[in-house]
């Protein structure tokens with residue numbers, strides 16, 4: 030019985046030891062992580078997410094690396110710009126471990142190394158820029174920082190995906206000076222815009238006056254042309270009438286001359302009567318001559334429109350110009 034009991038204890042111990050070895054040989058790696066495996070202190074391989082079997086006693090887990098993208102806050106620091114302005118800057122860094130072994134064994138304290146590298150490069154990049162460039166070119170700063178830091182962390186098996194400058198805080202007196210400068214610049218722009226508007230208004234006004242003067246001159250030119258044409262036609266009609274009267278007189282028709290003189294005489298009297306001055310004018314008026322002229326005009330009309338044809342002059346002493354002469358003589 031004692032032998033059986035000792036054998037049972039030995040078997041039980043072996044089974045317990047085997048179970049412990051099995052338990053120690055199985056490692057479960059969660060998703061998003063990778064573990065490094067060390068054998069006698071030397072790196073052997075990397076355990077990926079899932080169930081992994083290792084050699085107990087001689088193998089152990091070295092580093093547990095987070096393979097997901099991580100964010101690292103960059104604390105505030107003072108930076109002196111190229112134009113000797115001091116500003117306070119902070120930011121954030123996004124990075125991801127691509128190689129767990131290199132991130133574990135190529136650098137010590139990975140986050141601290143990335144943080145210090147980022148802070149020193151922030152001072153380098155921003156220190157080479159003026160304050161105006163610093164405030165207006167954040168994208169350029171972020172791109173330069175990303176290029177430099179990513180290249181520096183590449184041997185560590187780390188990929189820096191993004192670097193963002195969160196806040197740039199100039200000193201209070203510098204902020205006040207910038208506010209005054211901005212106000213002066215806006216007032217300058219407002220004055221320039223107002224002057225430009227006034228200038229444009231004057232130009233448009235001058236253009237309008239120019240067009241108005243051109244149109245007025247063209248109107249005067251057209252009116253003068255029309256007046257000249259009217260005077261020319263009036264002169265042609267007067268010349269034609271005078272020629273016709275001269276031709277009639279040349280043929281012995283004195284009544285045509287009497288008609289022409291009577292017309293001028295009547296127009297002169299009409300002009301005197303229609304004058305605006307309120308003066309009484311005494312003129313020697315030969316009414317008989319005017320009546321005789323009017324009679325001559327009637328005879329001419331009778332000759333032109335009478336039933337006898339008008340082209341044949343009356344015979345004997347009944348001729349109009351003879352009667353006209355007789356009346357004139359009697360006067």
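Residue numbers (this note's numbering): 30 to 360. A virtual CB, placed ideally from N, CA and C, is assigned to each residue, including glycine.
Is residue i buried or exposed, if buried means 16 or more other CB atoms sit within 10 Å of its CB?
i, result
"residue 173", "buried"
"residue 133", "buried"
"residue 77", "exposed"
"residue 129", "buried"
"residue 115", "exposed"
"residue 177", "buried"
"residue 110", "buried"
"residue 40", "exposed"
"residue 108", "buried"
"residue 361", "Given that the chain is displayed from residue 30 to residue 360, the structure contains no residue 361 and the question cannot be resolved."
"residue 186", "buried"
"residue 49", "exposed"
"residue 243", "exposed"
"residue 339", "Note on residue 339: pLDDT 42, under 50, position unreliable in the model; the coordinate value appears next. Answer is exposed; the Cβ neighbour count stays below 16."
"residue 139", "buried"
"residue 103", "buried"
"residue 38", "exposed"
"residue 143", "buried"
Taking 7 Å as the cut-off, decide whether the C-beta atoms of residue i and residue j are in contact.
i, j, result
"residue 63", "residue 96", "yes"
"residue 190", "residue 123", "yes"
"residue 367", "residue 159", "There is no way to answer for residue 367, as the model of the chain reaches only from 30 to 360."
"residue 126", "residue 155", "no"
"residue 195", "residue 120", "yes"
"residue 80", "residue 100", "no"
"residue 197", "residue 118", "yes"
"residue 141", "residue 181", "no"
"residue 175", "residue 192", "yes"
"residue 148", "residue 210", "no"
At what residues does the beta strand (DSSP E) containing residue i begin and finish?
i, result
"residue 197", "187–198"
Can you check DSSP and say which residues form a bridge with residue i?
i, result
"residue 88", "68"
"residue 55", "82"
"residue 4", "Since the first residue shown for the chain is 30 and the last is 360, residue 4 is missing from the structure and cannot be characterised."
"residue 124", "99 and 189"
"residue 45", "According to DSSP, residue 45 bridges with nothing at all."
"residue 93", "64"
"residue 117", "107 and 198"
Would you kindly report the start and end of the unbroken alpha helix (DSSP H) that includes residue i?
i, result
"residue 177", "167–182"
"residue 101", "Premise fails: residue 101 lies in the beta strand (DSSP E), 99–109, not in any alpha helix (DSSP H)."
"residue 154", "139–156"
"residue 131", "129–134"
Does the ligand ADP have even one heavy atom less than 6 Å from the beta-carbon of residue i?
i, result
"residue 114", "The ligand content of the structure shown is nil, which means the ligand ADP is not present either."
Fill in: Touch test, the segment 160–173 against the segment 71–87, Cβ-Cβ under 8 Å, three pairs minimum
Segments in contact, no.
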